[in-house]
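A.B. asks: Please read through the structure below; I'll follow up with questions.
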Amino acid sequence: MSQVTEYSEKVMDHFTNPRNVGEIENPSGVGTVGNAKCGDIMRMYIDVDENGIITEAKFKTFGCGAAVATSSMATELVKGKTIQEALEVTNRAVMEALGGLPPVKVHCSLLAEEAIHAALWDYAEKNNIKIEGLKPPVKDIDETEEFYEMGEEA
Amino acid sequence: MKEFIYLDNAATTRVDKEVYEAMHPYFEESYGNPASVYTFAGEINKEVDRARKTVADFIGATSEEIYFTGGGSESDNWALKGAALANRSKGNHIITSKIEHHAILHTCEFLEKNGYEITYVDVDENGVVKLDELEAAIKPETILISVMFANNEIGTIEPVKKIGEIAKKHGVLFHTDAVQAYGHVPVNVDEMNIDMLSASGHKLGGPKGIGIMYIRKNVKITPLIHGGAQEKNRRAGTHNTPGIIGFAKATELAERKMRERMAYETKLRDYLISRVENEIPYTKVNGHRTERLSNNANFSFRFIEGESLLLMLDRNGICASSGSACTSGSLDPSHVLLAIGLPHEIAHGSLRLTLSDENTEEEINFVVDKLKEIVERLRSMSPLYEDFVKSNKN
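Just so you know, the sequences run in chain order A and B.
Using the numbering used here, the first residue of the first sequence is number 97, and each one after it goes up by one.
Using the numbering used here, the first residue of the second sequence is number 28, and each one after it goes up by one.
And the structure:
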């Protein structure tokens, strides 16, 4: 956990007003990375047009302030980019765009990078294409489904 | 309304005005070292003794059995390391619980690395230590049982009296970390068969950096801090006079107001719990329903993560805490929430709100209203909630 005062203004801005939250219906690609056990899951949706440009990017994230902010920034950074350009959006790029992260939160930026790659991988699979330099995403989502009776909605 | 709403009284409390005023002369006028020979210091030493008596009376001990320390963590360290070393010839086995404060657990880990054996007893789903398991763990080498009086995260009050009986029956020392309980619930060391007890000043409107350790007469314990002859050669270091006076004053106030404060806080706490339970779906209340500290409420909100929740509450001027992946930068959520059986992802979404008698119903209403909005917002951003909703539709 990090204190509010350890986060940059940019991080707090992207946490409180996250850009591109939501889902895309029938997206060109969608990828989910992370692990509920560790407290972070990111899901990224992308739409890619016929010229290979990412026209839309959305996300949903379960996680800390940094996880939300890095997801938000990652979607901003890939929008309007070609697939090859999107591959160059590294965790370092996300971190720099956010004005840095507390050391214990660096893994969130890695997760954001993985989320981009996972969405691109899904896009490539759906379209039967090979993206140079892209590795398959690691699937380690692990949510204990029914732990207790949650009862009726209030 | 105030600038912010403080609901983190288990972390620390505001120093009571009366406490502050009682301490003040010991900075400016009565600054002498109580161990010095001259009259000026001797008078101060008498005040230290009076403070010691106030504390002793409050827990049913004698003055000779109260030692002033630098706080709860020091007292916990002393109790475990001191008793372990002094009783090494008797045995090397210590029994504790899985939900202790890190001041106990990390001290136990240190002792394990130094030739001691520790048994960590389980708790039930409410956080109550399993007494049968505890008793069954006792063996000839067992020298000490250390179980907290009340848990700092989920507020559960442990069956201390029964643990004391078990310890006594088997001739084993019993230490209790009463940092969250002292001044909040009645404590009597004789009735409860307590041999050692740790408490800290700043959890009950006293200052930080002062604590006590109760050590029953004839209990063998090695000093932790070596140096001067203070505290009957058992705890060296110049007396923290303002701290000691402040600790005693806070104790006196706690004794005077306890019944009234417990009643007020319990009512407010139960109101808070019932509003949250009724108005926020997919929520679990952690800890025992009735055997719990009057100021503690602890919830798990499914599909969301605790730090995000705290940051959002902070944006709304609400100070709270969470058992989500902890301060150490570790990825594991609270060991207490895991011990009561919560899966990791649900433990990540926990929130602790701890009240004081300064909180009002108006504040609680504001907090619950905000909490509802925030939980809903975070869920709308959560892929876990999205999956849950979709799987329920199909």
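Here a beta-carbon is modelled for each residue, glycine too, at the ideal position from N, C-alpha and C.
Please report the straight-line C-alpha distance between histidine 51 of chain B and aspartate 341 of chain B, rounded to a whole angstrom.
C.D. replies: The alpha-carbon atoms of histidine 51 of chain B and aspartate 341 of chain B are separated by roughly 33 Å.
A.B. asks: State whether the segment 202-213 of chain B contacts the segment 333-347 of chain B, with contact taken as three or more CB pairs (one from each stretch) at a distance under 8 Å.
C.D. replies: Result no; under three Cβ-Cβ pairs closer than 8 Å.
A.B. asks: For chain B, check one thing: does any of its Cβ atoms lie closer than 7 Å to the Cβ of lysine 231 of chain A?
C.D. replies: By this cut-off, lysine 231 of chain A is not an interface position.
A.B. asks: Report the rounded CA-to-CA distance for proline 250 of chain B versus arginine 261 of chain B, giving the unit in angstroms.
C.D. replies: Going from the Cα of proline 250 of chain B to the Cα of arginine 261 of chain B covers about 5 Å.
A.B. asks: Could you give the distance in angstroms between the alpha-carbon of threonine 240 of chain A and the alpha-carbon of asparagine 313 of chain B?
C.D. replies: Low local confidence applies: a pLDDT of 38 at threonine 240 of chain A is under 50, so the model's placement there is unreliable, with the coordinate-based value given in what follows. Cα to Cα, threonine 240 of chain A sits roughly 18 Å from asparagine 313 of chain B.
A.B. asks: To the nearest whole angstrom, what separates the beta carbons of aspartate 103 of chain B and histidine 128 of chain B, a pair I think is in contact under 8 Å?
C.D. replies: Indeed they touch by this definition, with Cβ atoms about 7 Å apart.
A.B. asks: Report the three-state DSSP secondary structure of aspartate 43 of chain B (helix, strand or coil).
C.D. replies: The answer is coil: DSSP assigns aspartate 43 of chain B none of H, G, I, E or B.
A.B. asks: Report the start-end ranges of each alpha helix (DSSP H) in the segment 268-344 of chain B that is 4 residues or longer and not cut off at the edges.
C.D. replies: Runs found: 268-306, 333-342.
A.B. asks: Quick one: list the residues of chain A neighbouring arginine 342 of chain B, beta-carbon separation under 8 Å, in chain order.
C.D. replies: In chain order: Thr112.
A.B. asks: With the cut-off set at 7 Å, would you say threonine 96 of chain B and methionine 240 of chain B are in Cβ contact?
C.D. replies: Yes, they are a contact pair.
A.B. asks: Under 7 Å between beta-carbons, which chain A residues line up against leucine 338 of chain B? List them in chain order, please.
C.D. replies: Val100, Phe111, Gly161, listed in chain order.
A.B. asks: Counting only Cβ pairs nearer than 9 Å, list the residues of chain B close to glutamate 210 of chain A.
C.D. replies: Correct list: empty, because the minimum Cβ distance to chain B is about 14 Å.
A.B. asks: Skipping 5 residues on each side, what residues in its chain have a beta carbon closer than 8 Å to that of asparagine 419 of chain B?
C.D. replies: So the list is empty, once near-sequence residues are dropped.
A.B. asks: To the nearest angstrom, how far is the alpha carbon of valine 82 of chain B from that of phenylalanine 274 of chain B?
C.D. replies: Computed Cα separation, rounded: 8 Å.
A.B. asks: Rounded to whole angstroms, how far is the Cβ of isoleucine 122 of chain B from the Cβ of leucine 161 of chain B, which I believe are closer than 8 Å?
C.D. replies: The Cβ separation is near 6 Å, so the contact holds.
A.B. asks: How long is the line joining the alpha carbons of threonine 89 of chain B and lysine 140 of chain B, rounded to whole angstroms?
C.D. replies: Their backbone Cα atoms lie some 35 Å apart in a straight line.
A.B. asks: Taking Cβ positions only, does leucine 216 of chain A come closer than 7 Å to chain B?
C.D. replies: Not closer than 7 Å to any Cβ of chain B, the Cβ of leucine 216 of chain A fails to qualify, so no.
A.B. asks: For asparagine 130 of chain A, does the three-state DSSP call read helix, strand or coil?
C.D. replies: For clarity, residue 130 of chain A is glycine in the given sequence; the question names asparagine instead. Correct three-state label for glycine 130 of chain A: strand.
A.B. asks: Whole angstroms are fine: how far does the CA of arginine 404 of chain B sit from the CA of serine 116 of chain B?
C.D. replies: Rounded to whole angstroms, serine 116 of chain B to arginine 404 of chain B spans 59 Å at the Cα level.
A.B. asks: For phenylalanine 257 of chain B, count neighbouring C-beta atoms within 10 Å of its own C-beta (all shown protein chains included) and say buried if the count is 16 or more, exposed if not.
C.D. replies: Note that residue 257 of chain B is glutamine in the sequence shown, not phenylalanine. The residue is buried, with at least 16 neighbouring Cβ atoms inside 10 Å.
A.B. asks: Does threonine 354 of chain B pass the burial test, meaning 16 or more other C-beta atoms within 10 Å, or should it be called exposed?
C.D. replies: At threonine 354 of chain B the pLDDT is 42, less than 50, meaning the model places this residue with poor confidence; the figure from the coordinates comes in the next sentence. Result: exposed.
A.B. asks: Quick one: what does DSSP say cysteine 346 of chain B is sitting in, helix, strand or coil?
C.D. replies: Cysteine 346 of chain B falls in the strand class under three-state DSSP.
A.B. asks: Check this for me: beta carbons of alanine 208 of chain A and proline 233 of chain A, under 7 Å apart or not?
C.D. replies: Result no, Cβ atoms of alanine 208 of chain A and proline 233 of chain A do not sit closer than 7 Å.
A.B. asks: Between the C-alpha atoms of lysine 399 of chain B and tyrosine 309 of chain B, what's the straight-line distance to the nearest angstrom?
C.D. replies: When rounded, the distance between both Cα atoms is 12 Å.
A.B. asks: Please return the same chain residues whose Cβ sits closer than 7 Å to the Cβ of asparagine 60 of chain B, not counting the five positions on each side in sequence.
C.D. replies: Only Ala68, Thr265 meet the Cβ criterion.
A.B. asks: Which residue from A:Val126, A:Asp109, A:Ala132 puts its Cα closest to that of glycine 161 of chain A?
C.D. replies: Taking only the C-alpha atoms, the option nearest glycine 161 of chain A is A:Asp109.
A.B. asks: Quick one, which residues of the segment 145-156 of chain A are near chain B if we go by CB-CB under 7 Å, in chain order?
C.D. replies: Cβ contacts with chain B come from Lys156.
A.B. asks: With a CB to CB cut of under 6 Å and the five nearest residues on each side skipped, what residues in its chain are close to leucine 173 of chain A?
C.D. replies: So the list reads Val185, once near-sequence residues are dropped.
A.B. asks: Excluding sequence positions up to five away, which residues of its chain have a Cβ less than 7 Å from the Cβ of valine 75 of chain B?
C.D. replies: If we look at valine 75 of chain B and ignore the five residues flanking it on each side, its Cβ neighbours are Pro61, His266, Thr268, Ile271.
A.B. asks: Roughly how many angstroms separate the alpha carbons of isoleucine 181 of chain B and leucine 320 of chain B, rounded to a whole number?
C.D. replies: Cα to Cα, the separation comes out at about 9 Å.
A.B. asks: Can you grab the Cα-Cα spacing for the pair threonine 183 of chain B / alanine 37 of chain B, in whole Å?
C.D. replies: Distance between the alpha carbons of threonine 183 of chain B and alanine 37 of chain B is about 13 Å.
A.B. asks: Starting from the N-terminal side, write out each stretch of the alpha helix (DSSP H) that is 4 residues or longer and does not extend beyond the segment 85-171 of chain B.
C.D. replies: The qualifying runs are 99-104, 110-113, 129-140, 158-163.
A.B. asks: In chain order, what are the residue ranges of uninterrupted alpha helix (DSSP H) at least 4 long that sit wholly in the segment 111-190 of chain A?
C.D. replies: Here the runs fully enclosed are 161-174, 179-183.
A.B. asks: Just curious, the alpha helix (DSSP H) that alanine 194 of chain B is in, first and last residue?
C.D. replies: That run of the alpha helix (DSSP H) goes 187-196.
A.B. asks: Which of the residues in the segment 162-185 of chain A, read from start to end, lie with their CB under 8 Å from any CB of chain B?
C.D. replies: Taking 8 Å as the Cβ-Cβ cut-off against chain B, the residues of the segment 162-185 of chain A that qualify are Ala163, Val164.
A.B. asks: My output table needs one value for alanine 408 of chain B: the three-state DSSP class, helix, strand or coil.
C.D. replies: Note that residue 408 of chain B is methionine in the sequence shown here, rather than alanine. Looking at methionine 408 of chain B - three-state DSSP - the assignment turns out to be coil, as it is neither helix nor strand.
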